[in-house]
Amino acid sequence: MKATLLLSHPRAAYFIGPQSLILLRQHLSISRISPPFLSVPEDQHSKIISLHPIGMVPHKRRIVGTSLKMYFDLHRTQEYIEGIAKLDKDAQEVDVDLFVIPDFLSVCTAVEILKDTNVMVGVQDSYWEDAGAHTGEVSPLNIKQAGASLVELGHAERRARFGETDETTARKVTAATRNGLTPLVCIGEKERGASASQSVGTAIAECEKQVKAILAAAPDDSDLILAYEPVWAIGAAKPADADHVVYVTKAIRHMVANRKGRTRILYGGSAGPGTYKALADGVDGLFLGRFAHDLQNLKRVIEEVGRGK
């Protein structure tokens with residue numbers, strides 16, 4: 011059975027169950043959202059529905075990358091980056107953008123190793139000022155001069171351990187774009203709802219606040235990457251299921267639909283073989299963790315993302 015919904019207001023209905031329609035009017039308030047008709051296939055056994063905006067598709071160029079966090083020493087990092095360089099050809103053959111985010115001390119080494127490739131180098135954080143008496147911080151101006159092109163911001167670990175907020179993340183987004191860097195901003199809800207539909211509603215409400223702050227901070231024509239991962243799923247015995255991720259990332263795509271600049275949406279949670287296939291309706295690629303620290307695993311993911319569904 012199908013139900014077709016006319017979304018006549020930005021605060022729209024996204025979910026339907028076998029017995030009722032759940033309206034999220036109290037959640038979605040970003041004025042930029044102007045969704046079209048939705049053709050919604052309803053599964054009588056499902057608690058929530060698939061979201062299929064007519065005419066809306068993910069951005070064409072898919073993207074895969076990983077952060078090394080603080081797992082490797084300098085020697086191991088260099089070896090890994092050299093391996094990444096060899097995967098550049100694989101990525102280009104399947105039209106996938108590839109990036110790596112090493113520790114700060116390895117950024118210049120990574121830039122040098124990857125200078126003749128298409129691989130983008132990122133950093134794991136940056137400050138909101140270009141210069142000054144800011145002990146321990148890293149200038150986005152210097153990051154740009156070092157040759158990096160991406161800045162990871164707002165990661166859940168930094169929010170939890172260092173007190174970062176949507177406000178400080180937004181200030182860093184502004185500084186990054188001011189210096190010609192692409193922000194890769196991590197977003198996701200902290201709490202899980204009691205049911206599948208409540209979990210999605212909670213996720214969209216919280217992500218909306220985060221996205222709203224990012225959109226206010228980034229120039230409308232700037233390049234932007236959003237990496238979605240529910241915080242409650244980090245390290246959990248059971249990760250977020252694919253349906254949850256797809257529903258939420260499709261809603262996020264509505265939030266950014268009217269931006270002039272390119273906005274790509276990634277899944278930033280645990281991944282493995284088949285992950286992208288399960289999430290392809292909602293995301294433009296994957297932001298991988300330790301799974302990708304094995305280069306053969308990363309190669310398989312690149313090939314899978316390149317094939318699409």
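Positions 11 to 319 (the numbering used here) are the ones given, in order, by the sequence shown.
All residues carry an ideal CB built from backbone N, CA and C; glycine is no exception.
The beta carbons of I94 and V131 sit no closer together than 7 angstroms. DSSP, read as helix, strand or coil, puts T76 in strand. In the assembly as shown, Y81 is an exposed residue. Its beta-carbon has fewer than 16 other beta-carbons within 10 Å. Distance check between V241 and each of P229, R269, Y277 places Y277 closest, using alpha-carbon atoms only. Measuring C-alpha to C-alpha distances from D107 to each of L160, H85, I262, G142 identifies L160 as the nearest.
By the Cβ neighbour-count rule, T175 is exposed, with fewer than 16 other Cβ atoms within 10 Å of its own.
Selection E92, L296, K154, T127 evaluated against F114 yields K154 as nearest (Cα-Cα).
Residue environment for G211: buried (at least 16 other C-beta atoms within 10 angstroms of its C-beta). Runs of the beta strand (DSSP E) lying entirely within the stretch 110–193, each at least 3 residues long, are 130–133, 160–163 in chain order. Residue range 273–277 is occupied by the beta strand (DSSP E) that includes I275. Burial state of T187 is buried, judged by a 10 Å Cβ sphere holding 16 or more other Cβ atoms. When the alpha-carbon of A158 is set against those of R169, N189, E177, the nearest one is in N189. Assignment of alpha helix (DSSP H) within the stretch 192–230, counting only whole runs of 4 or more residues, yields 206–227 in chain order. Following the DSSP letters along the chain, one finds Y286 inside the alpha helix (DSSP H) bounded by residues 285–289.
If you look at I235, you'll find it isn't in any alpha helix (DSSP H); it sits in the beta strand (DSSP E) that goes 234–238. Apart from sequence neighbours up to five positions away, the residues of its chain that approach A288 with a beta-carbon distance below 7 angstroms are A252, ordered along the chain. When rounded, the separation of the alpha-carbon atoms in R300 and A261 is 27 angstroms. Rounded to the nearest angstrom, the gap between the Cα atoms of V117 and R169 is 23 angstroms. Taking the CA atoms as reference points, H264 sits about 18 angstroms from P229. Short of 7 angstroms from the beta carbon of L84, and not among the five residues preceding or following it, lie these beta carbons of its own chain, in chain order: L115, S116. In the displayed model, F297 falls within a strand according to three-state DSSP. V74 has its alpha-carbon roughly 10 angstroms from the corresponding atom of E313.
Within the DSSP bridge table, the entry for L108 names V74 as partners. Inclusion of L234 and T273 in the CB contact set at 7 angstroms is warranted, their separation being smaller than that value.
Rounded to whole angstroms, T87 and S77 show a C-alpha spacing of 11 angstroms. Straight-line measurement puts the Cα of E239 at about 7 angstroms from the Cα of C196.
A distance below 6 angstroms between beta-carbons, with the five flanking residues on each side excluded, links S280 to the following residues of its chain, in chain order: P249. In the three-state scheme derived from DSSP, where H, G and I count as helix and E and B as strand, V311 is classed as helix.
The continuous stretches of alpha helix (DSSP H) do not include I244, and DSSP gives it neither H nor E. Nearest to Q220 by alpha-carbon distance, out of D231, A120, R202, T178, is T178. In this structure, the alpha-carbon of V258 lies about 12 angstroms from that of Q208. When secondary structure is reduced to three states using DSSP, V256 falls in the helix class.
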